[in-house]
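S.K.: Position 165 of the sequence shown, counted from 1, bears residue number 162 in my numbering, the numbering being contiguous throughout. Note that beta-carbon positions come from the ideal geometry of N, C-alpha and C, so glycine has one too. Before I ask anything, let me first share the structure, which is written out below as structure tokens.
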Amino acid sequence: MYLDDLFEKGGFPTGSFRTLLIGSSEVAAVIEDSRVKAVTLTGSEPAGRSVASTAGAQIKKSVLELGGSDPFIVMPSADLDAASTVAVKARISNNGQSCIAGKRFIVHADVYDEFARLFADKMAALVVGDPMDESTELGPLATESGRNELAELVDDAVAKGAQVLTGGDAPDRSGWFYSPTVLAGLTDDMRIVMEEAFGPVASLYRVADRDEAVRVANQTTFGLSSAVWTNDAEEQDWFVRRVEAGAVFLNGMTVSYPELPFGGVKDSGYGRELAAAGIQEFCNLKTVWKA
-2 MYLDDLFEKG GFPTGSFRTL LIGSSEVAAV IEDSRVKAVT LTGSEPAGRS
48 VASTAGAQIK KSVLELGGSD PFIVMPSADL DAASTVAVKA RISNNGQSCI
98 AGKRFIVHAD VYDEFARLFA DKMAALVVGD PMDESTELGP LATESGRNEL
148 AELVDDAVAK GAQVLTGGDA PDRSGWFYSP TVLAGLTDDM RIVMEEAFGP
198 VASLYRVADR DEAVRVANQT TFGLSSAVWT NDAEEQDWFV RRVEAGAVFL
248 NGMTVSYPEL PFGGVKDSGY GRELAAAGIQ EFCNLKTVWK A
């Protein structure tokens, strides 16, 4: 509602921006309304398929920013202390409930053991508690169902042989909390390898070389964003050209900046938000030719 007021205060005509408090069953009717010319969605993959189908049937433009299982690649030339610190921040941003959070940590064998130790220790040291307490570093998940779905992914992986380096359970406290968790020894038959873990659970992968790193990074159906840690300039360019994602952040973590276009590929959606590219998504380009 606050945004409604801001638009009017900014000089836009009354009604230019409206917040609709509606249920999911009412969304299709809004998209189908002749006054609506285009639609953009930030949401889950199933929601994206539904919105795209409805918009497509009406021949209306749509932009989808959906889920992600972003790879966070660490190569031997990386600063491991810095990389592990940023990896924790990348994984627990918004209590791990972020489409652009680093979720799969793909580490070269030469530095895997050291990175795994640093990362697991820093995850284990997080202060879990009341989100209104300024000392808290990790709060609860948004819903009980979200916490339960996350627990199911972890339990499935552990039952199939994954090692728990830290966490792996829901703490005995009031609220929909899940312990900061790091899993290792993952295999392709585990659900968490292909599905998005929407919470503070990190998956660790040991790879022999950069070719295997890219193979693991690209093996999911998602392609939202990615991070690559290497101080080798040639290697940076090599990864940028091969990782299947809408963005690659070098020696950092994915952040959504207003001045940069943002969006994914594959099942993470299509189109771009933010910056000039985001504005152009909802502009009608007109070609004028004159003899």
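State the beta-bridge partners of aspartate 67 as determined by DSSP.
M.R.: Paired residues: Gly99.
S.K.: On the DSSP bridge list, what partners appear for leucine 180?
M.R.: Note: leucine 180 sits in a beta bridge opposite Val161 and Ser200.
S.K.: What number of angstroms, rounded off, separates the C-alpha of threonine 51 from the C-alpha of lysine 57?
M.R.: Going by the C-alpha atoms only, they are around 9 Å apart.
S.K.: Considering only the alpha carbon of each residue, which of Val179, Ala154 and Val60 lies closest to leucine 115?
M.R.: Leucine 115 has its Cα closest to that of Val179, out of Val179, Ala154 and Val60.
S.K.: Is it the case that the region 66 to 84 contacts the region 208 to 225, given that we only count it when at least three CB pairs across the two stretches are under 8 Å?
M.R.: The region 208 to 225, when compared against the region 66 to 84, does touch it at the 8 Å Cβ threshold.
S.K.: Would you mind sorting isoleucine 19 into buried or exposed? The rule is 16 or more other CB atoms within 10 Å of its CB.
M.R.: Exposed is the call here.
S.K.: Using the Cβ count rule (16 or more neighbours within 10 Å means buried), how would you classify isoleucine 276?
M.R.: Burial call: exposed.
S.K.: With DSSP collapsed to three states, give me the class of valine 24.
M.R.: Of the three classes helix, strand and coil, the one that applies to valine 24 here is helix, per DSSP.
S.K.: By how many angstroms is the C-alpha of proline 128 removed from the C-alpha of glutamate 134?
M.R.: Answer to the nearest angstrom: the Cα atoms are 8 Å apart.
S.K.: Suppose you measure from the CA of aspartate 1 to the CA of glycine 8; what does that come to, to the nearest Å?
M.R.: Taking the straight line from one Cα to the other gives about 11 Å.
S.K.: Whose CA, out of Gly143, Arg188, Ala159 and Val190, lies closest to the CA of alanine 167?
M.R.: Among Gly143, Arg188, Ala159 and Val190, the Cα nearest to that of alanine 167 belongs to Gly143.
S.K.: Put leucine 135 into one of helix, strand or coil per three-state DSSP.
M.R.: Strand.
S.K.: Taking the CB atoms as reference points, tell me whether valine 198 and valine 151 lie closer together than 9 Å.
M.R.: Cβ atoms of valine 198 and valine 151: closer than 9 Å.
S.K.: Reducing DSSP to helix, strand and coil, say where leucine 17 ends up.
M.R.: Three-state result, leucine 17: coil.
S.K.: Find out if the Cβ-Cβ distance for the pair leucine 17, serine 265 is shorter than 9 Å.
M.R.: Cβ atoms of leucine 17 and serine 265: not closer than 9 Å.
S.K.: For glycine 93, which of Gln160, Ser47, Trp173 and Val33 has the nearest alpha-carbon?
M.R.: The shortest C-alpha separation from glycine 93 is found at Trp173.
S.K.: As an exercise, report each continuous alpha helix (DSSP H) stretch of at least 4 residues that is fully enclosed by the region 29 to 92, in chain order.
M.R.: Whole alpha helix (DSSP H) segments, 4+ residues: 42 to 54 and 77 to 89.
S.K.: By DSSP's criteria, glutamate 192 is part of a beta bridge. Which residues make up the other side?
M.R.: DSSP, once it has assigned bridges, lists no residue as partnering glutamate 192.
S.K.: Please identify the residue among Val204, Ala210, Arg207 and Pro177 whose C-alpha is closest to the C-alpha of alanine 194.
M.R.: Checking every option, the nearest Cα to that of alanine 194 belongs to Pro177.
S.K.: Which same chain residues, not among the five before or five after serine 90, have their C-beta less than 7 Å away from its C-beta?
M.R.: Correct list, in chain order: Ala98.
S.K.: Please report how far the alpha carbon of tyrosine 267 lies from the alpha carbon of glycine 243, in whole angstroms.
M.R.: The straight-line gap from Cα to Cα measures roughly 9 Å.
S.K.: If you pair each beta-carbon of the region 200 to 213 with each one of the region 228 to 242, do three or more pairs fall below 8 Å?
M.R.: Cβ pair count under 8 Å is three or more, so yes.
S.K.: Between which residues of its own chain and alanine 80 is the CB-CB distance below 6 Å, once the five residues before and five after are set aside?
M.R.: Only Val71 and Trp226 meet the Cβ criterion.
S.K.: Looking only at its own chain, which residues have a Cβ that is under 6 Å from the Cβ of valine 83, when we skip the five neighbours before and after it?
M.R.: The residues are Met250.
S.K.: Using the Cβ count rule (16 or more neighbours within 10 Å means buried), how would you classify glycine 220?
M.R.: With 16 or more Cβ atoms within 10 Å of its Cβ, glycine 220 is classed as buried.
S.K.: Go through its chain and collect everything with a Cβ distance to serine 132's Cβ below 8 Å, but skip five positions before and after it.
M.R.: Cβ neighbours of serine 132 beyond the five flanking positions: Val124 and Gly126.
S.K.: Can you give me the start and stop residues for the beta strand (DSSP E) that alanine 224 sits inside?
M.R.: 224 to 226 is the extent of the beta strand (DSSP E) around alanine 224.
S.K.: Here's the rule: buried if 16 or more other CB atoms are within 10 angstroms of the residue's CB, otherwise exposed. What is glycine 45?
M.R.: Label assigned to glycine 45: buried.
S.K.: What's the C-alpha gap between asparagine 248 and glutamine 55?
M.R.: Asparagine 248 and glutamine 55: Cα-Cα distance of roughly 43 Å.
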